[in-house]
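Asker: With the numbering used here, the residue at position 68 of the sequence shown is 68, and numbering never jumps. Beta carbons are placed, not taken as given, at the ideal position from N, Cα and C, and that holds for glycine.
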Amino acid sequence: LQLEEDRQNPFANSVLRRWLVKLELFIRGYQFSDGEVMAHLIDGVFEGVVDHTLHFVELLADIEFYLGALGFRDLALQAGLGVSLPDFAPPDAPRRLIGLFNPLLLASQPRVVPCDVTLEHHATTLLITGPNSGGKTRLLQSLGLAQVLGQCGLFIPAASGSLSPASSLVVSLLQDTKADQSEGRLGMELMRIRELFQHLPPGAMVILDELCSGTNPSEGEEIFELVVKMLGRLEPQVCITTHFLSFADRLRREAQIPGLTFLQVELGADQAPTYQFVPGVARTSLAGQTAARLGVTAAQLNELVDANLQRAVN
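(1) Closer than 8 angstroms is the cut-off here; do at least three beta carbon pairs connect the region 77 to 94 with the region 242 to 261?
(2) With 16 other CB atoms within 10 Å as the buried threshold, where does F224 fall?
(3) Taking just the CA atoms, how far does T53 sit from V117?
(4) Could you tell me which uninterrupted alpha helix (DSSP H) segments, each at least 4 residues in length, are contained entirely in the region 20 to 82, listed from first to last along the chain?
(5) Answer with buried or exposed for A282, where buried requires no fewer than 16 other C-beta atoms within 10 angstroms of its C-beta.
(6) So, does the region 253 to 264 touch the region 125 to 134, judging by three or more C-beta pairs under 8 angstroms?
(7) Taking the alpha carbon of C239 as the point to measure from, which residue in A255, L211 and E222 has its own alpha carbon closest?
(8) Is V148 helix, strand or coil by DSSP?
(9) Go through the region 181 to 225 residue by residue and report every complete run of the beta strand (DSSP E) that reaches 3 residues or more, in order.
(10) Does DSSP classify G288 as helix, strand or coil?
(11) Specify, as a first and last residue, the run of the beta strand (DSSP E) that R341 falls within.
(12) Assign Q271 to one of three DSSP states: helix, strand, or coil.
(13) Bridge partners of G153, per DSSP?
(14) From E36 to S167, what distance separates their C-alpha atoms?
(15) Taking the C-alpha atoms as reference points, what is the distance between E189 and V227?
(16) Could you check the C-alpha separation between L251 and A69 for me, to the nearest Å?
(17) Can you tell me where the alpha helix (DSSP H) with L301 in it begins and where it stops?
(18) Roughly how many angstroms separate the alpha carbons of Y66 and F101, rounded to a whole number?
(19) Closer than 6 angstroms by C-beta to S172: which residues in its own chain qualify, once you throw out the five before and the five after it? Chain order, please.
(20) Take G268 and list the residues in its own chain whose beta-carbon comes closer than 7 angstroms to its own, dropping the five residues that flank it on each side.
(21) How far does the beta strand (DSSP E) with V171 in it reach, from first residue to last?
(22) Quick check on the burial criterion: 16 or more other C-beta atoms within 10 angstroms. Buried or exposed for L317?
(23) Alpha carbon to alpha carbon, how far is V305 from H121? Give it in angstroms, no decimals.
(24) Buried or exposed: G161, going by 16 or more other Cβ atoms within 10 Å of its Cβ?
(25) Rounded C-beta distance between T333 and G232? I'm assuming under 8 angstroms.
Below you can see the structure in the form of structure tokens.
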């Protein structure tokens with residue numbers, strides 16, 4: 001890079017003129033280094049804009065927030081996924097998310113599989129069933145994030161979408177047990193549910209992962225049905241996952257709860273999850289296949305025990 005002095009600039013002094021000025025100042029008793037002169041000039045520039053600069057600094061957090069949204073868009077497009085700014089429809093209009101994906105997977109998964117979800121209206125209770133590791137919890141996360149991002153005016157993780165505004169969002173996910181908690185897993189979940197009904201406004205969005213899974217099915221199903229029926233009075237949009245398959249199928253057949261809709265994880269020809277969701281209730285959680293995939297079968301455990309005993313003998 002070659003720099004040249006602009007000698008044609010009428011405000012530029014020649015080298016000789018600048019030297020004479022410095023000599024004159026030296027004779028008068030003023031001594032300035034080149035660095036001091038430059039610092040003085042820079043101070044003069046910033047004194048005129050310092051007030052505006054402070055206002056700009058206050059906006060840095062907001063600018064960073066929106067740049068993060070653009071970064072999310074670029075990351076999704078690089079992965080071959082679509083993002084969009086959703087349309088907002090009245091509560092009684094259908095809610096559609098086409099090409100929905102979980103943005104939390106972008107940084108950790110080599111391939112993210114999008115899916116399509118359609119709900120008839122806002123006051124719908126969506127009951128999701130399917131095998132372990134089939135994508136049920138990831139779908140809950142995707143639905144919640146799409147709602148939050150959409151209502152913030154940001155890109156949602158879907159190629160196109162139509163949402164209805166929610167007055168609030170309540171999420172209850174499986175949590176690790178803490179040594180100092182006063183209740184067990186079921187008790188802590190029931191406390192969250194009680195607080196939900198205490199504060200939930202009408203028209204909210206509720207996400208419940210594995211509702212009442214901390215107790216035996218017969219008692220858990222009774223509480224489950226009570227919660228679903230009572231939520232209907234507040235007309236929220238509810239998304240629930242469960243492994244109570246017989247119970248979910250009974251609710252589907254009886255069809256006594258208004259707005260109750262069922263989605264199940266789609267299985268391929270090899271009975272492996274495709275991470276798509278289709279109407280209906282799953283018939284199995286495929287626990288045996290999950291156990292085989294993770295090495296927890298009788299044959300595999302016997303091999304581990306034999307190897308363990310052999311090491312003990314040696």
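Answerer: So, to answer that:
(1) no
(2) buried
(3) 46 angstroms
(4) 34 to 47, 50 to 58 and 60 to 78
(5) buried
(6) yes
(7) L211
(8) helix
(9) 205 to 208
(10) helix
(11) Given a span of 1 to 314 for the chain in the structure shown, any question on residue 341 remains unanswerable.
(12) coil
(13) G153 pairs with nothing; no bridge assigned.
(14) 59 angstroms
(15) 12 angstroms
(16) 40 angstroms
(17) A298 to V313
(18) 20 angstroms
(19) R192 and L208
(20) T274
(21) L169 to S172
(22) No statement about residue 317 is possible, as the shown extent of the chain runs from 1 to 314 and does not include it.
(23) 54 angstroms
(24) buried
(25) The question about residue 333 has no answer here: the residues shown for the chain are numbered 1 through 314.
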